[in-house]
Structures are given as C-alpha cells and as structure tokens.
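Visitor: Here it is, the structure in full.
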Amino acid sequence: MPKLPEVESARAVVEATALGRRIADVDDSDTWECRPHAPGEIGEALVGRRLTAARRRGKSMWCDTSGTGRSATPGPALGLHLGMSGRILVTDADGRLTEGGDYLGRGVAGAGRQADRNPVWVRFALVFEDGGTLRLFDKRRLGRVRLDPEVDALGPDVLDVRVGEFRELVGRGRAPVKARLLDQSVLAGVGNLLADETLWQAGIDPRRRVDELDDDDLSRLHRALRRATRAAIARGGVHTGEVVPHRGRGGHCPRCGAEMACATVGGRTTWWCPVEQV
DNA sequence: AACAATGTTCAGTC
DNA sequence: GGACTGAACATTGT
Numbered sequence: 000m001p002k003l004p005e006v007e008s009a010r011a012v013v014e015a016t017a018l019g020r021r022i023a024d025v026d027d028s029d030t031w032e033c034r035p036h037a038p039g040e041i042g043e044a045l046v047g048r049r050l051t052a053a054r055r056r057g058k059s060m061w062c063d064t065s066g067t068g069r070s071a072t073p074g075p076a077l078g079l080h081l082g083m084s085g086r087i088l089v090t091d092a093d094g095r096l097t098e099g100g101d102y103l104g105r106g107v108a109g110a111g112r113q114a115d116r117n118p119v120w121v122r123f124a125l126v127f128e129d130g131g132t133l134r135l136f137d138k139r140r141l142g143r144v145r146l147d148p149e150v151d152a153l154g155p156d157v158l159d160v161r162v163g164e165f166r167e168l169v170g171r172g173r174a175p176v177k178a179r180l181l182d183q184s185v186l187a188g189v190g191n192l193l194a195d196e197t198l199w200q201a202g203i204d205p206r207r208r209v210d211e212l213d214d215d216d217l218s219r220l221h222r223a224l225r226r227a228t229r230a231a232i233a234r235g236g237v238h239t240g241e242v243v244p245h246r247g248r249g250g251h252c253p254r255c256g257a258e259m260a261c262a263t264v265g266g267r268t269t270w271w272c273p274v275e276q277v
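Residue numbers (numbering that gives the first Met the number 0): 0 to 277.
The following block contains the structure:
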C-alpha cells in the first residue's frame, strides 16, 4: 500500500536499476491508468529515450528522460504515480529481477512480495533495448502514468520542511489538523495511516482545528511526523508503525490500553486514542 | 453480498 | 474567491 515510504523505495529502485537503458517499446494500452493520454501517445514520446533521473515529491514520482539519437533535447518527464497499490518491478534481459528490483528494497520480506505480481495487474510497462523491463503492477488501479505530471501544485516534501515552515503551513486556516496533514498542496507525502501514526505519537486529537494548536503542539507534531516518516522508510512501510497495527475494531492504544476511537475526519477513516490524544 | 478501504480529482458549499 | 468538504473513481478483500 504505497505511501511516501513505499514511493521512496520504488524511486530508489528505479534510480539504481533502470537509468540509462534505452527504451525500445512501451505498453501504455491501459487507458484508465494512462489517462488522459491516448494509447500509443506515451510510447511515441518515449521510444528511443533513456530515463536519466528518478525523482520524488511526497507521493508523486517521476523520471526525467534523455534526448534521442537525433536530438539532444530532453524528452518529457514520465510520471509514475503508485496510487494505493502500485508496485514497480525492474527486470534484466533474462526476465529476472534486477538486484534490488523489488520495490520493497533489500532485507524486507513483506507479505505479498509474490502475491502482488499477478500479470493481469501490469498496467504499464517499458521494454528496454536490452530485453529487460520496467513494469508497474497496480492491483487496485488507482495509480496513474502520465507525461509531464503537474508537480508544482504540491507543497514541499514532508522531509524537507523544518519547524518554522511547518508551523506556518500547518497552522494556517481552521481545518481539522488531520485534514490539513492530508492536504498535498500544503505538505506533500502524508497519507491516511501516516497521519494517524503521527497524531498518536504527538498526542493530538485529529479533530482539533489547526487554529487551536499552539506553537508547542505544532512543534511536537512536526517532530512526530519526521520521526514516523523516517521510521516507516527505514522499516519499509507505514504498516510498521507503532499504532497503525492497532487500527480497527476492538483495537487498543499500545501505550495506555484504552479502546481506540474511530470517526471520519478529513474524509478519511480515522483511529485515535481518546485518552492520550487531546 | 454488500461495503470499506485507499489517494487524487472535481464539483459543490460556505 | 479562497478555504474547505464530500463524492466519485477502480478494484479487491472482508
């Protein structure tokens, strides 16, 4: 379930395994995943080019592309949004995974490592001249592939904002604090689970309006967000959080044992500890 | 078998 | 008119 940490892992894999390989063919036939492009449009723009960089901002990821043999002018960027269930696999000429080619990265034996590789879930693919591939598996089909994605509308990446800027961005307005954390135009990269984990660690009720938070609240929130994000990246996913596994009916706060509360906040299912989060 | 879940987008409301 | 809310979207697991 890709959130920022998974996207960062995928980006690192693409950077390590897919750059510099000449694109010989493109499967962009899935018109939903590749909307609003027509079939063949992405292929036409990319064949003959190479990926030159893999970038990420929040949960958005994209690759820069090189010129072709004829022209040195760089090609369009290739946006690869993983949505909710997207995974990227890179293979070599023999069809084997290139070293590190699983988005989970090294050393993480996540559940579904094999399960999510059903061929029918390949929604987009690059075929390299050397016979290898870069494939986007996306079970739930909420991902998106597009040329020159709009990334300017996104706020700064979670890990790039320091306390001062964080207070300024998050403290503005009067939305519930969780809704603000989820707003990608304010801060890029926080998903539903990471928001819950962060608020639990900071001891803040997700329904609190941001204009009711003081500097100390915002500082704690900032620290908790950085900590939760880095931990999730290091461990290979948001699901490794401290409180995330206790979301769900009958769950209890892993610190105080109180029964977790549940409501819709910011349009998303939200779980929190009604005792410690105030 | 109906429904919850997930992130983004878009239409709508205040 | 900016800030905010809620539903739609596709698909699958429960």
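Backbone N, C-alpha and C define an ideal beta-carbon position, used for all residues, glycine too.
Taking Cβ positions, are residue 151 and residue 187 nearer each other than 7 angstroms?
Guide: Here residue 151 refers to the residue found at position 152 of the first sequence. Here residue 187 refers to the residue found at position 188 of the first sequence. Against a cut-off of 7 angstroms, the Cβ pair of residue 187 and residue 151 comes out as no contact.
Visitor: Less than 7 angstroms between the beta carbons of residue 265 and residue 178, yes or no?
Guide: What you label residue 265 is simply residue 266 of the first sequence in a count that begins at 1. What you label residue 178 is simply residue 179 of the first sequence in a count that begins at 1. Cβ distance < 7 angstroms, so residue 265 and residue 178 count as in contact.
Visitor: Counting along the chain, where does the alpha helix (DSSP H) carrying residue 215 start and finish?
Guide: The count along the first sequence starts at 1 and reaches residue 215 at position 216. Unbroken alpha helix (DSSP H) run through residue 215: 214-234.
Visitor: Could you pull out every unbroken alpha helix (DSSP H) segment of at least 4 residues lying fully inside the segment 124-189, listed in chain order?
Guide: 162-170, 176-181, all fully within the segment 124-189.
Visitor: Return the chain-ordered list of same chain residues with a C-beta closer than 7 angstroms to the C-beta of residue 223, the five sequence neighbours on each side being excluded.
Guide: For the purposes of this step, residue 223 is taken as the residue at position 224 of the first sequence. Only 197, 200, 201 meet the Cβ criterion.
Visitor: Alpha helix (DSSP H) containing residue 10: first to last residue?
Guide: Counting from one through the first sequence, the residue named residue 10 turns up at place 11. 3-16 is the extent of the alpha helix (DSSP H) around residue 10.
Visitor: Quickly, what does DSSP pair residue 79 with across the bridge? List them, please.
Guide: Position 80 of the first sequence, counted from the start, is the residue given in the question as residue 79. Looking at the DSSP assignment, residue 79 forms a beta bridge with 144.
Visitor: DSSP three-state label for residue 248, please.
Guide: Translated into positions along the first sequence, residue 248 becomes position 249. In the structure shown, residue 248 sits in coil (DSSP, three-state: anything other than H, G, I, E or B).
Visitor: Beta carbon of residue 144, beta carbon of residue 79: below 7 angstroms?
Guide: If you number the first sequence from 1, residue 144 lands on position 145. If you number the first sequence from 1, residue 79 lands on position 80. Yes, they are a contact pair.
Visitor: With a cut-off of 8 angstroms, do at least 3 Cβ pairs link the segment 47-65 to the segment 11-31?
Guide: Touching, yes, given that three or more Cβ pairs across the two stretches are closer than 8 angstroms.
Visitor: Could you check what DSSP says for residue 51 in three-state terms: helix, strand or coil?
Guide: What you label residue 51 is simply residue 52 of the first sequence in a count that begins at 1. Strand.
Visitor: By the three-class DSSP mapping on this structure, what secondary structure does residue 270 have?
Guide: Within the first sequence, the letter at position 271 stands for residue 270. Residue 270: strand per DSSP, three-state reduction.
Visitor: Return yes when the Cβ of residue 221 is within less than 7 angstroms of the Cβ of residue 162, no when it is not.
Guide: As a working mapping, residue 162 is identified with position 163 in the first sequence. As a working mapping, residue 221 is identified with position 222 in the first sequence. In this structure, residue 221 lies closer than 7 angstroms to residue 162 by Cβ.
Visitor: With 16 as the cutoff for other CB atoms within 10 Å, does residue 191 come out buried or exposed?
Guide: Mapped onto the first sequence, residue 191 falls at position 192. So residue 191 counts as buried.
Visitor: Residue 81 to residue 59, Cα distance in whole Å?
Guide: Reading the first sequence from its first residue, position 82 is the one you call residue 81. Reading the first sequence from its first residue, position 60 is the one you call residue 59. Going from the Cα of residue 81 to the Cα of residue 59 covers about 8 angstroms.
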